[in-house]
Amino acid sequence: MSEESEYNGYDTTIVYDYKQYPDKQAGRCDNCGHSNFKSTAKNYKFLRECRNCGMKKSI
Ligand SMILES: [Zn+2]
17 MSEESEYNGY
27 DTTIVYDYKQ
37 YPDKQAGRCD
47 NCGHSNFKST
57 AKNYKFLREC
67 RNCGMKKSI
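To convert a position in the sequence shown, counted from 1, into the numbering used here, add 16.
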C-alpha cells in the first residue's frame with residue numbers, strides 16, 4: 017500500500033498560486049492535510065512548502 021493514497025493528487029513538482037488554489041482548510045495542506053510548513057521568500061514571493069508531502073504554494 018502506497019502512502020500516496022492519503023494524498024489528494026496535487027502535483028508537488030509545481031508551485032500552486034494561492035489566489036487560484038486557496039486553502040480548503042486555512043493553514044492546512046490541500047494535498048495531505050498536514051499543517052507543518054516550511055516558508056521561504058523568493059523573488060518577492062512568499063513560498064510555503066508542506067513538510068510532509070512537499071506541495072508548494074505561493075502566497
Ligand atoms: Zn502536504
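We put the beta carbon where it would ideally sit given N, CA and C, even for glycine.
| Query | Result |
| --- | --- |
| Residues that E65 bridges to, as DSSP identifies them | K54 and K72 |
| Beta-carbon proximity check, L63 vs S51, cutoff 8 Å | no |
| Status (buried if at least 16 other CB within 10 Å, exposed otherwise) for K61 | exposed |
| D46 and K40 closer than 8 Å at C-beta | yes |
| Residue burial classification, K72 (beta-carbon count within 10 angstroms, cutoff 16) | buried |
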